[in-house]
Amino acid sequence: MQIAIIGLGEVGRCYAKPLHEAGFELTLCEARPSPAATELAAQWGLPIHDKPGAWLASAQWVLSCVTGAQALAVVEQVVPHVLAGASLADLTTASPDVKRRAAAHAAEHGVRYVDTAIMGAISLNWVRTPLLASGDGAEELKVVLEQAGGRVQAIPGGVAGDAISLKILRSVFTKGMEALSVELLTSAEKQGVRDKLYEQLSDIDQTPLRSFIDMLVRTHVVHAKRRAHEVHDAQGELASQGLPSLVLPGVEQRFRDTAGKLEHHPLEAADPSVDQALQWLLANNTAQA
Numbered sequence: 001m002q003i004a005i006i007g008l009g010e011v012g013r014c015y016a017k018p019l020h021e022a023g024f025e026l027t028l029c030e031a032r033p034s035p036a037a038t039e040l041a042a043q044w045g046l047p048i049h050d051k052p053g054a055w056l057a058s059a060q061w062v063l064s065c066v067t068g069a070q071a072l073a074v075v076e077q078v079v080p081h082v083l084a085g086a087s088l089a090d091l092t093t094a095s096p097d098v099k100r101r102a103a104a105h106a107a108e109h110g111v112r113y114v115d116t117a118i119m120g121a122i123s124l125n126w127v128r129t130p131l132l133a134s135g136d137g138a139e140e141l142k143v144v145l146e147q148a149g150g151r152v153q154a155i156p157g158g159v160a161g162d163a164i165s166l167k168i169l170r171s172v173f174t175k176g177m178e179a180l181s182v183e184l185l186t187s188a189e190k191q192g193v194r195d196k197l198y199e200q201l202s203d204i205d206q207t208p209l210r211s212f213i214d215m216l217v218r219t220h221v222v223h224a225k226r227r228a229h230e231v232h233d234a235q236g237e238l239a240s241q242g243l244p245s246l247v248l249p250g251v252e253q254r255f256r257d258t259a260g261k262l263e264h265h266p267l268e269a270a271d272p273s274v275d276q277a278l279q280w281l282l283a284n285n286t287a288q289a
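Counting in UniProt numbering, the sequence shown runs from 1 upward without gaps.
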């Protein structure tokens with residue numbers, strides 16, 4: 001099987017070496033190859049093409065490893081040259097909308113498009129970095145990359161845009177938790193109660209994550225007003241310790257926004273399900289004042 005790799009930065013090189021070692025035939029493309037890319041290609045006696053072209057006709061798979069800003073342009077440049085039935089895996093950080101547009105363009109040319117999100121730091125785990133894949137051909141991509149030592153989770157029934165959307169949403173959760181944890185533990189450490197804090201959070205630790213976040217959303221649309229006051233008081237306490245919060249002002253605004261809209265558009269259910277809570281939040285668009 002022949003695999004073309006477009007883009008020979010860190011990501012492209014990460015997959016080129018193990019794919020070559022696994023016995024796949026590679027073709028390479030990079031407009032401005034770095035010394036590392038040039039050296040790698042020279043080891044295998046392979047040329048580096050400077051742009052997509054007729055040389056792609058023999059490729060069964062194309063891995064797009066460019067930047068997110070180049071993602072759509074690369075698909076537009078590649079699909080006229082590959083044969084119908086070929087597959088393209090987009091490993092870029094392009095937005096969900098861009099990936100959906102790229103998939104539609106590829107489909108017009110009979111090319112399968114797999115939205116492939118890198119779910120970790122390539123520099124740490126290289127080919128073992130988890131990938132999340134969605135779209136037509138995701139399962140086949142999993143088979144190909146796992147032969148080279150890769151780790152791929154194909155989303156059942158997923159379409160282009162799903163993988164990168166889930167990566168972004170995961171980042172919203174983990175980066176938000178990271179920022180909050182920094183403020184939480186620095187305050188606990190300053191007060192000498194960090195170990196006791198872990199004990200007080202043990203009930204959360206024992207709750208399944210899905211149950212916990214669903215509970216937060218369900219009760220948010222019931223108790224937002226009271227919790228806004230609690231968050232305001234917590235900010236004052238952190239400030240008094242010389243640790244003014246950068247996170248909690250946004251948290252307070254979120255609660256106050258919900259509380260204000262509840263006054264004009266009350267919930268029908270006294271104890272809403274998570275579905276009811278989410279539908280109310282979407283209908284009232286809490287991102288706007």
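Every residue gets a Cβ at the ideal spot worked out from N, C-alpha and C, and that includes glycine.
Bear in mind the structure is a predicted one, so any value in this text is a computation, not a measurement.
In angstroms with no decimal places, state the Cα-to-Cα distance between residue i and residue j.
i: K17; j: H105; result: 29 Å
i: S95; j: G68; result: 7 Å
i: K225; j: L238; result: 21 Å
i: L145; j: V62; result: 12 Å
i: V178; j: N285; result: According to the sequence as given, residue 178 is Glu; it is not Val. Going by the C-alpha atoms only, they are around 26 Å apart.
i: P266; j: L282; result: 14 Å
i: F212; j: I204; result: 7 Å
Given a cut-off of 8 Å on the beta-carbon distance, is the pair residue i and residue j in contact?
i: S123; j: D90; result: no
i: A133; j: A154; result: yes
i: H20; j: W44; result: yes
i: K51; j: A36; result: no
i: Q147; j: S58; result: no
i: G192; j: V159; result: no
i: G53; j: G85; result: no
i: R112; j: G161; result: no
i: I6; j: V74; result: yes
i: D115; j: A71; result: no
Is residue i helix, strand or coil by DSSP?
i: V182; result: helix
i: S202; result: helix
i: I3; result: strand
i: T174; result: helix
i: V152; result: strand
i: S64; result: strand
i: S95; result: coil
i: R210; result: helix
i: T129; result: coil
i: S34; result: coil
If you drop the 5 nearest sequence neighbours on each side, which residues of the same chain put their C-beta closer than 7 Å to that of residue i?
i: K142; result: A133, V152, A154
i: G9; result: C65
With residue i and residue j assumed to form a contact (beta carbons below 8 Å), what rounded beta-carbon distance in angstroms separates them?
i: residue 291; j: A228; result: Since the first and last residues shown for the chain are 1 and 289, residue 291 lies out of range.
i: K167; j: A117; result: 4 Å
i: G137; j: S87; result: 4 Å
Quick one: residues in its chain with C-beta nearer than 8 Å to the C-beta of residue i, no 5 flanking neighbours on either side, listed in chain order?
i: L243; result: E183, T186, S187, K190
i: A259; result: A224, K225, A228
Among the residues of its own chain, which have a CB less than 6 Å from the CB of residue i, if the five just before and after it don't count?
i: A277; result: V217, R218, V221
i: E252; result: A228, V231, H232
i: P47; result: none
Is residue i close to the ligand GTP? I mean its beta-carbon at under 7 Å from any heavy atom of the ligand.
i: V75; result: Of the ligands one can find in the structure shown there are none, so the ligand GTP has no counterpart to examine.
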